[in-house]
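First comes the structure, then the notes that go with it.
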Amino acid sequence: LHLAILKMAGVPCFYGPALIPSFGEPLGFKYTIDSFLRSVTNTGNTPIVLEAPTKWSNHFIDATKYGWEHTDRIYQSNEGWVTHFEGFAEGPLLPVNLDTLLALAGTKYFPDLEGCILLFEEMQAPLDNLERNLSHLKLLGVFEKIAGLIVSKPENVNNKGAQFSDIDLLLEIIGEDISYPVISNFDCGHTHPMITLQQMLAIRLTAQAGKEPIITLLEPMVI
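Numbers 1 to 223, taken from the numbering used here, label the letters of the sequence shown in order.
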């Protein structure tokens, strides 16, 4: 729906927290709520530099079960966002769920990714499925069109017995002949907390080896 509304109506949507999983927990997670409120209320023109949360969680709590709202979420320290390829990029941001994006390949709803900074996230990420999805992106020419790549934390990675990680797989598939920044471990997906971002928002991505990448929002999401 997000991509169809963008493509057919030219109206960008917010990619952000779901009502029950994020706002249904007692008091929610302040980082998630603060990010959402800032995104939908800030009309200032001053650029905003995003800051990584100090902790995160991929603890699944089943909101269909009685008493779920009283379950204490398990958190772990956040190592921050990670640079894999250095570079500097400015362009419109397109946050997507990877499975959903590829379900639209070959249809009129598939977005124009030329010059975009692509941000993708996944809920479940078994390595065999991830390999298919990333190879599909490559065959579609996506990695040749985009200006930058941001990969969010997947909720659940299953290495299927492989001796390498999901990021190792990503870097192998996209190859080394790219000239744009690539970062991972971002916080906009099915893990907690979640940063709220708008489709086609102008951002700046600065990535240097050995340093945490800098993501700057160059314009407000509402006017």
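All residues carry an ideal CB built from backbone N, CA and C; glycine is no exception.
This structure is a prediction, so every number in the text was calculated from the model and none was measured.
Cβ pair residue i, residue j closer than 8 Å
| i | j | result |
| --- | --- | --- |
| serine 35 | threonine 196 | yes |
| isoleucine 150 | phenylalanine 110 | no |
| lysine 138 | isoleucine 183 | no |
| leucine 93 | isoleucine 203 | yes |
| lysine 153 | leucine 127 | no |
| valine 11 | methionine 221 | no |
| lysine 211 | threonine 107 | no |
Opening and closing residue of the beta strand (DSSP E) in which residue i lies
| i | result |
| --- | --- |
| histidine 84 | 82 to 85 |
| alanine 207 | 201 to 207 |
| alanine 125 | 124 to 126 |
| leucine 149 | 148 to 152 |
| asparagine 158 | 156 to 158 |
Three-way DSSP call (helix, strand, coil) for residue i in this model
| i | result |
| --- | --- |
| histidine 70 | helix |
| tyrosine 15 | strand |
| leucine 118 | strand |
| proline 47 | coil |
| asparagine 185 | strand |
| leucine 113 | coil |
| leucine 130 | helix |
| proline 53 | coil |
| phenylalanine 29 | coil |
| serine 35 | helix |
| glutamate 172 | helix |
| leucine 6 | helix |
| alanine 89 | strand |
| histidine 136 | helix |
Presumed contact (8 Å Cβ cut-off) between residue i and residue j, rounded CB distance
| i | j | result |
| --- | --- | --- |
| isoleucine 146 | cysteine 188 | 16 Å between Cβ atoms; not a contact. |
| leucine 169 | asparagine 133 | No, leucine 169 and asparagine 133 are not in contact; Cβ-Cβ is about 10 Å, not under 8 Å. |
| alanine 207 | glycine 87 | 6 Å |
| proline 193 | tryptophan 56 | 7 Å |
Where the alpha helix (DSSP H) through residue i begins and ends
| i | result |
| --- | --- |
| leucine 218 | No alpha helix (DSSP H) holds leucine 218; DSSP gives it neither H nor E. |
Any non-hydrogen atom of the ligand GTP closer than 7 Å to residue i Cβ
| i | result |
| --- | --- |
| valine 49 | This structure simply doesn't include the ligand GTP, nor any ligand for that matter. |
CB contact below 8 Å: residue i versus chain D
| i | result |
| --- | --- |
| tryptophan 81 | Any reference to chain D falls outside this structure, which holds one protein chain only. |
Same chain, Cβ closer than 6 Å to residue i, neighbours up to 5 away in sequence not counted
| i | result |
| --- | --- |
| asparagine 158 | Pro126 |
| alanine 148 | A small correction: the amino acid at residue 148 is glycine; alanine does not occupy that position in the sequence shown. Result list for glycine 148: Ala89, Ile117, Tyr180, Pro181, Leu205, in chain order. |
Beta-carbon contacts of residue i that lie in its chain and below 7 Å, excluding the five residues immediately before and after
| i | result |
| --- | --- |
| proline 95 | Tyr15, Leu119, Cys188, Leu197, Gln199 |
Sequence-distant residues of the same chain with beta carbon closer than 8 Å to residue i, five excluded per side
| i | result |
| --- | --- |
| histidine 136 | Leu102, Ala105 |
| serine 179 | Gly87 |
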